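Below is one structure, written out as structure tokens; the observations come after it.
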């Protein structure tokens with residue numbers, strides 16, 4: 001519209017010599033705009049960086065348009081010259097000026113171009129509909145085939161808790177009041193890569209379900225399938241992505257309104273995918289309070305996070321994934337009791353030399369003692385539950401008080417982070433793991 005108004009205002013004769021020319025110009029621009037927007041939206045799905053997508057699509061279409069337009073203009077110019085040469089041979093050049101001007105929307109002029117743009121728009125709509133809705137079963141048939149082949153190729157052992165959860169989910173029917181039920185969810189990206197394998201769990205109302213795992217364990221893939229797999233759940237599920245969550249051109253309120261209109265309000269359950277990633281502690285605390293209020297209001301929340309502290313605060317049940325499969329599931333206390341590798345003992349003494357001596361003493365009195373670190377006059381130890389009971393630990397601590405100046409001590413169960421690291425190390429032992437996924441432990445040498 002702006003370009004058309006500029007041409008009309010300045011009286012550009014090539015586009016505004018009559019009402020038909022103005023209408024033709026407007027009609028072609030509208031068709032081109034519709035086609036350009038549709039194909040740009042389709043092509044941008046292949047890019048991860050918005051700026052790169054804009055540059056390549058805009059520059060690419062510009063140069064393609066310039067080359068094809070120049071080609072057509074050159075051919076038309078040659079055809080006109082051929083006609084003039086023919087009339088010149090007949091010595092009837094006066095016929096050129098006496099010929100009537102054709103209507104711009106005739107088929108041989110703009111008609112064929114408008115028709116091609118219309119066909120382009122229809123093709124783009126069909127492609128976009130297939131990409132967004134995926135309505136045809138045959139488009140997914142190949143994926144289902146090699147997913148089933150990968151599922152049949154091998155079966156990993158699972159814990160009793162996972163088997164019990166799968167049995168519970170299998171017994172649920174359509175009348176169940178659970179807001180979210182995931183049953184035998186599997187996803188393969190290629191003939192050799194199975195991202196998710198037979199994942200089953202149910203989330204009840206007023207429950208915060210935590211989904212943990214190393215990078216590449218299948219958490220985000222599981223979230224994406226839950227979010228898009230069931231069309232009947234549209235406007236009933238809220239999703240908070242980890243990346244590109246906000247439009248920086250909009251205000252905070254406008255972003256909230258936009259997402260509310262897209263997904264529908266109120267949501268029956270939410271799926272925050274690492275929502276606190278990159279937040280400062282104050283913002284994290286605010287987010288935790290918001291999620292806690294939603295849970296108290298009867299919402300079901302499924303959350304994934306790399307922060308064990310966040311899961312300790314928010315989650316009522318936790319599942320740990322590895323290589324696309326749930327390895328264990330249960331409450332925080334259940335996981336600590338079943339998969340915890342021991343107790344953590346922290347002792348504060350009068351000096352650093354006493355801390356080293358105390359470490360040697362405890363190592364002699366108890367079996368399977370691992371000294372994690374010594375910081376100033378405080379020593380941190382890990383004691384295996386297989387060889388030492390809580391009574392044994394307290395007995396040694398009392399002996400320690402008689403020999404050294406113990407200012408304070410604390411004995412605690414294995415933390416959720418230790419349980420997570422223990423399960424992760426079992427599955428990654430013997431294979432190369434990226435540095436961001438490995439857990440480093442500082443061991444202190446007590447020998448002189």
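In the UniProt record's numbering, the protein residues as written are 1 to 448.
Note that beta-carbon positions come from the ideal geometry of N, C-alpha and C, so glycine has one too.
In this text, all values refer to a predicted model and were calculated from it rather than measured experimentally.
Under 8 Å by Cβ, that's how I've got residue i and residue j pegged, so tell me the actual separation to the nearest angstrom.
| i | j | result |
| --- | --- | --- |
| residue 57 | residue 40 | 5 Å |
| residue 377 | residue 391 | Going by Cβ atoms, the distance from residue 377 to residue 391 rounds to 26 Å, so no, they are not a contact pair. |
| residue 327 | residue 159 | 7 Å |
| residue 188 | residue 147 | 4 Å |
| residue 286 | residue 422 | No, residue 286 and residue 422 are not in contact; Cβ-Cβ is about 32 Å, not under 8 Å. |
| residue 298 | residue 317 | That belief does not hold up - the Cβ atoms of residue 298 and residue 317 are roughly 16 Å apart, past 8 Å. |
| residue 349 | residue 305 | Not a contact, Cβ separation roughly 36 Å. |
Using the three-state DSSP reduction, which class does residue i fall into: helix, strand or coil?
| i | result |
| --- | --- |
| residue 217 | coil |
| residue 49 | coil |
| residue 30 | helix |
| residue 178 | coil |
| residue 12 | coil |
| residue 233 | Confidence is the limiting factor: at residue 233 the pLDDT is only 49, short of 50, which leaves the residue's position unreliable and the question unanswerable from this model. |
| residue 404 | coil |
| residue 434 | Reliability fails at residue 434, whose pLDDT of 38 lies under 50, so the model's placement of it is uncertain and no value is given. |
| residue 272 | strand |
| residue 280 | coil |
| residue 209 | strand |
| residue 323 | coil |
| residue 61 | helix |
| residue 184 | strand |
| residue 166 | helix |
| residue 247 | coil |
| residue 373 | strand |
| residue 316 | coil |
| residue 195 | strand |
| residue 419 | helix |
| residue 346 | strand |
| residue 4 | helix |
Taking the straight line between their C-alpha atoms, what separation do you get for residue i and residue j?
| i | j | result |
| --- | --- | --- |
| residue 365 | residue 409 | 17 Å |
| residue 442 | residue 389 | Residue placement at residue 442 is poorly supported in this model, since its pLDDT is 31, which falls under 50; the coordinates are not used for a value here. |
| residue 51 | residue 44 | 10 Å |
| residue 53 | residue 47 | 6 Å |
| residue 452 | residue 341 | Outside the displayed range of the chain (1 to 448) lies residue 452, so it cannot be described from this structure. |
| residue 151 | residue 141 | 15 Å |
| residue 277 | residue 214 | 15 Å |
| residue 301 | residue 310 | 13 Å |
| residue 438 | residue 64 | Any answer about residue 438 is weak, because its pLDDT of 32 lies below 50 and its placement is not dependable; what the coordinates show is given next. One C-alpha to the other measures close to 49 Å. |
| residue 12 | residue 55 | 31 Å |
| residue 219 | residue 252 | 27 Å |
| residue 24 | residue 18 | 10 Å |
| residue 194 | residue 173 | 28 Å |
| residue 367 | residue 344 | 14 Å |
| residue 295 | residue 212 | 19 Å |
| residue 118 | residue 205 | 49 Å |
| residue 257 | residue 177 | 29 Å |
| residue 385 | residue 272 | 35 Å |
| residue 8 | residue 87 | 35 Å |
| residue 112 | residue 28 | 11 Å |
| residue 21 | residue 255 | 42 Å |
| residue 145 | residue 68 | 43 Å |
| residue 106 | residue 81 | 22 Å |
Based on Cα-Cα distance, which residue from the options lies nearest to residue i?
| i | options | result |
| --- | --- | --- |
| residue 114 | 86, 33, 82 and 130 | 33 |
| residue 373 | 367, 387 and 358 | 358 |
| residue 325 | 306, 217 and 286 | 217 |
| residue 30 | 49, 46, 3 and 74 | 3 |
| residue 38 | 255, 125 and 276 | 125 |
| residue 312 | 209, 55 and 423 | 209 |
| residue 399 | 420, 362 and 380 | 362 |
| residue 332 | 387, 420, 276 and 118 | 420 |
| residue 72 | 23, 109 and 223 | 109 |
| residue 280 | 294, 254, 307 and 303 | 307 |
| residue 190 | 226, 149 and 305 | 149 |
| residue 382 | 407, 411 and 375 | 411 |
| residue 128 | 35, 224, 319 and 255 | 35 |
| residue 123 | 42, 144 and 85 | 42 |
| residue 375 | 360, 28 and 346 | 346 |
| residue 337 | 407, 121 and 161 | 161 |
| residue 275 | 314, 249 and 379 | 314 |
| residue 321 | 164, 83, 196 and 77 | 196 |
| residue 192 | 223, 143, 207 and 163 | 143 |
| residue 387 | 116, 369, 78 and 247 | 369 |
Under 8 Å from any heavy atom of the ligand SAH, does the C-beta of residue i make it?
| i | result |
| --- | --- |
| residue 252 | Because no ligand of any kind appears in the structure shown, any question about the ligand SAH cannot be addressed here. |
Counting only beta-carbon separations shorter than 9 Å, does residue i have a partner in chain B?
| i | result |
| --- | --- |
| residue 145 | In the displayed structure, chain B is absent; only one protein chain is listed. |
| query | Do the segment 284-298 and the segment 180-199 touch if we need at least three Cβ pairs shorter than 8 Å? | reply | no
| When the Cβ atoms of the segment 391-401 are set against those of the segment 414-421, are three or more pairs found closer than 8 Å? | Cβ pair count under 8 Å is below three, so no.
| Would you call the segment 197-209 and the segment 157-171 in contact, with 3 or more CB pairs under 8 Å? | Put simply, the segment 197-209 touches the segment 157-171. At least three CB pairs are less than 8 Å apart.
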